[in-house]
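Number of protein chains: 2
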Amino acid sequence: MIGSGVSIVAASMVRFGERFESSYEDLMVDVWNALLADPEGDLTPDRVEAAWLSTALGGLIRREAVTGASLADPLNFYPRPVTRIENACAGGSDAIRNAAFAIAAGIYDVVLVLGVEKMRDLPTKASLIAQRGTMSHLWWHPRGATSPYLFGQHATVMMEQGRITREDMALVSVKNHDHGVLNPNAFMRKPVTVEQVLASPPICEPLTVLDCCPTTDGAAALILCRSELAHQFTSAPVELVATGLATDTMYSHTKPIFGEQAGPTRAALDAYKMAGIAPSDIDVAELHDCFTVAELLAYEDLGFCERGGASAWLRSGAPSLGGSLPCNPSGGLLSKGHPIGATGVAQLCEIFWQLRGEAGERQVEGARIGLTHNVGGNGQVTCVNIAQRM
Amino acid sequence: MIGSGVSIVAASMVRFGERFESSYEDLMVDVWNALLADPEGDLTPDRVEAAWLSTALGGLIRREAVTGASLADPLNFYPRPVTRIENACAGGSDAIRNAAFAIAAGIYDVVLVLGVEKMRDLPTKASLIAQRGTMSHLWWHPRGATSPYLFGQHATVMMEQGRITREDMALVSVKNHDHGVLNPNAFMRKPVTVEQVLASPPICEPLTVLDCCPTTDGAAALILCRSELAHQFTSAPVELVATGLATDTMYSHTKPIFGEQAGPTRAALDAYKMAGIAPSDIDVAELHDCFTVAELLAYEDLGFCERGGASAWLRSGAPSLGGSLPCNPSGGLLSKGHPIGATGVAQLCEIFWQLRGEAGERQVEGARIGLTHNVGGNGQVTCVNIAQRM
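Structural data, given as structure tokens:
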């Protein structure tokens with residue numbers, strides 16, 4: 000348990016995708032209004048005392064420091080405090096972590112966590128993902144170290160070790176697109192076949208386009224509160240029972256090993272310890288499948304199966320809807336999309352809906368404990384959050 | 000009091016300035032080693048459980064999201080958690096605020112807060128300050144709204160209202176440069192005269208170069224811990240008794256009034272309430288004098304004098320060393336410099352040294368309570384922190 004108890008009482012997201020009709024501010028206003036429209040409880044704008052904003056791209060697309068005021072202005076939230084957090088692709092989950100600490104410290108009763116990203120307004124060539132590692136002014140930055148390259152290295156090593164096959168990766172894409180078809184908020188709502196994944200255009204050996212998550216616009220938001228107050232806002236609160244954040248080596252050339260990631264493992268162990276649970280207690284998980292191989296790595300890093308067991312575990316059907324531990328029922332980053340700052344927040348939205356039995360066609364029956372796994376860079380920063388139905 | 004008690008037990012900074020010989024990573028390593036070199040206590044690297052990194056420029060100079068790992072790597076800090084916070088020029092103080100919440104929540108006993116910025120590696124034309132408001136891709140962003148322009152508007156209104164004169168602003172520059180001469184870590188260690196300020200090159204009417212803080216490289220760091228443990232690390236801990244963060248309107252064209260700032264006033268009132276003190280209890284303050292007029296505004300926004308009383312209060316000598324409430328004994332942003340993400344952290348370093356009687360020639364005698372005032376943008380985000388000698 001985090002301090003004296005932190006609960007989630009409302010969640011919202013916009014449809015992820017190519018949202019040319021909505022500005023950065025529009026997306027924020029949409030998720031905020033959706034939170035307030037929840038008819039069940041007593042959530043009025045004035046009850047929310049502070050906010051944490053997660054967004055990664057301020058400096059790149061907007062070409063300025065972002066500041067918390069970029070949330071306060073469209074939401075008419077001033078003079079209330081807003082902290083902006085950026086922690087690469089794990090920023091959304093870390094914003095939840097910091098907001099939870101403020102509640103656990105007794106500083107605020109009710110806070111907003113909002114993640115937002117506009118990534119498709121620039122041509123791909125100028126996008127963050129294309130720039131990643133290629134435009135740094137620092138001499139020691141490995142040239143060409145884009146994200147597919149970083150994860151392609153893991154895939155190459157794991158294939159060489161005979162731990163996974165090319166088809167295993169394709170099967171992750173198939174599974175998550177099958178799940179995403181059931182999610183009205185997903186970006187890529189189309190089933191794909193193993194053959195289509197293998198035949199799609201190559202990105203970085205051995206990854207093809209359908210092994211990679213799409214560049215995405217989107218926003219998601221959560222209301223956290225002191226657990227004692229949760230029933231004022233909803234009859235079915237979900238407790239945020241644990242949060243773990245860990246770092247790992249920054250660069251590929253200093254990485255001691257490929258095919259496993261120390262940071263995600265550490266973040267998960269810290270979260271399991273805080274929650275007092277084991278991986279076997281988890282009923283549903285949202286994993287950071289930025290690339291198909293990343294989900295296979297996650298099965299092992301998180302202890303869902305033993306080291307080297309990802310292929311067999313995947314093929315057993317365990318992580319599919321209907322399996323023993325459905326992973327990415329939302330469609331994950333591969334199908335739902337990956338608006339960087341919003342991703343960790345949207346992962347916990349999905350867990351919130353799953354634990355309340357509100358996930359419609361993609362519902363995991365009887366889910367009581369859910370986990371989110373949100374990885375920045377090549378495992379440089381990982382945040383794992385765990386929630387439980389009250 | 001913040002939760003169950005948060006104390007500052009160590010502080011360090013590098014000399015601010017034009018630091019071409021030191022990289023972003025070098026500056027971080029320097030302040031980290033300086034913290035650990037403190038001979039008094041029991042502070043070893045392994046005692047520090049988590050970190051908060053404040054830096055603003057990642058997206059602009061490094062052209063990538065920064066992530067906490069950019070601290071973990073040079074400090075060999077992994078796998079420990081690192082959160083990166085960006086909140087414009089107030090990020091350093093907000094990083095302290097979030098770190099304090101985590102301690103108050105009982106999550107960590109000992110944490111690091113580190114602020115760092117490399118601003119002088121790019122030509123001025125490409126710098127953040129030049130870009131501010133001029134290169135945004137967003138259609139509604141006022142063109143030409145650089146920082147001097149934003150603060151020049153306040154100055155123009157206050158002069159028109161007869162509240163301040165051009166010479167009052169110059170006197171702030173004179174005072175803070177006089178203080179900075181006494182600070183070995185200050186960038187601009189030269190006294191200036193009113194005549195020199197008035198005759199220096201114009202930047203934005205009525206501000207001249209010597210009304211503006213310099214673009215600066217620098218880093219600063221603090222160790223915070225649970226107050227119960229503070230005496231393990233030092234015989235003279237300083238308690239962080241309060242923190243207040245507030246937002247204000249994002250844009251000049253939506254600002255209801257000039258010549259006062261709602262955000263800083265709100266942040267200060269929240270901090271005074273949390274600390275249970277009045278402005279008259281404060282013995283020393285570090286103010287956000289990014290421009291001379293900003294310090295005059297701060298006197299009034301913080302309640303150091305009545306609204307409209309800044310000129311008389313300044314000329315009374317109250318905010319000078321030897322006065323009743325010395326402001327910016329460090330030299331402030333005008334003389335010490337303003338490496339954006341590091342500024343709020345360095346402000347609290349100065350207060351830490353002042354409250355411990357370690358400020359050398361610029362010591363404020365008998366100081367027991369100190370305040371930092373750290374403003375982002377045109378008052379869009381303000382964080383006020385208050386510390387007290389135990």
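Going line by line, the protein sequences match chains A and B.
Numbered continuously in numbering that gives the first Met the number 0, the first sequence closes out at residue 389.
Numbered continuously in numbering that gives the first Met the number 0, the second sequence closes out at residue 389.
Think of the CB as a built atom: it goes at the ideal place given N, C-alpha and C, for glycine as much as any other residue.
A direct Cα-to-Cα measurement between S334/A and S22/A gives close to 22 Å. Look at Y271/A: its C-beta is not under 8 Å from any C-beta on chain B. In the DSSP secondary-structure assignment, M12/A is bridged to A219/A. Within the model, the alpha-carbon separation for E259/B versus S146/B is close to 16 Å. Annotation: the continuous alpha helix (DSSP H) that includes N32/B extends over Y23 to L35. Annotated three-state conformation of V363/B is coil, per DSSP. Looking at the DSSP output, H337/B bridges to T214/B. In this structure, E285/B sits near T371/B, with a CB-CB distance shorter than 8 Å.
By the rule that beta-carbons nearer than 8 Å mark a contact, Y148/A does not touch chain B. Using a CB distance cut-off of 8 Å, Q379/A counts as an interface residue toward chain B. At a Cβ-Cβ threshold of 8 Å, G90/B and G343/B count as neighbours. Between the C-alpha atoms of E116/A and A358/B there is a straight-line separation of about 44 Å. For L197/B, the enclosing alpha helix (DSSP H) covers residues V193 to A198. Taken atom to atom, the span from the alpha-carbon of A103/A to that of F257/B is near 38 Å.
In this chain, the alpha helix (DSSP H) harbouring E159/B covers S146 to E159. Using a 10 angstroms sphere on the CB of N384/B, the tally of other CB atoms reaches 16 or more, which defines it as buried.
The Cβ atoms of D41/B and Q231/B lie closer than 8 Å to each other. Listed along chain B, the residues sitting closer than 9 Å to L244/A by beta-carbon distance are A49, G67, R79, P80, V81 and T82. Taking the C-beta atoms as reference points, L111/A is found nearer than 8 Å to A50/A. For V110/B, the enclosing beta strand (DSSP E) begins and ends at V109 to E116.
The CB of N86/B comes closer than 7 Å to the CB of T66, G67, T82 and R83 in chain A, given here in chain order. Excluding the 5 residues flanking it on each side, E24/A has same chain C-beta neighbours closer than 6 Å at P73, in chain order.
Taking every protein chain shown into account, the CB of F351/A has 16 or more other CB atoms within 10 angstroms, so this residue is buried.
Within the segment 244 to 268 of chain B, the residues whose Cβ lies closer than 7 Å to any Cβ of chain A are, in chain order, L244, A245, T246, D247, T248, M249, A261, G262 and R265. Beta bridge pairing from DSSP links W352/B with no other residue.
A straight-line Cα-Cα distance of about 10 Å links D216/B and G340/B.
Here Q346/A carries a helix assignment [DSSP, helix/strand/coil].
Contact between L52/B and L70/B holds: their C-beta atoms lie close to 4 Å from each other, under 8 Å. The closest CA to that of Y271/A, considering only D282/A, T242/A, N377/A and T253/A, is found on T242/A. For P328/A and S234/B, the gap between their C-alpha atoms comes out near 54 Å. Using a 10 angstroms sphere on the CB of T291/A, the tally of other CB atoms reaches 16 or more, which defines it as buried. Within 9 Å of the CB of G375/B, the CB atoms of chain A belong to A64, T66, G67 and A68, in sequence order along the chain. Rounded to whole angstroms, I202/B and V208/B show a C-alpha spacing of 6 Å.
Within chain B, the C-beta atoms nearer than 7 Å to that of D93/A come from T82, in chain order.
Interface flag for F303/B against chain A is unset, since no Cβ pair is found closer than 8 Å. Across the set A297/B, L35/B and G307/B, the C-alpha of G307/B shows the shortest separation from the C-alpha of Q160/B.
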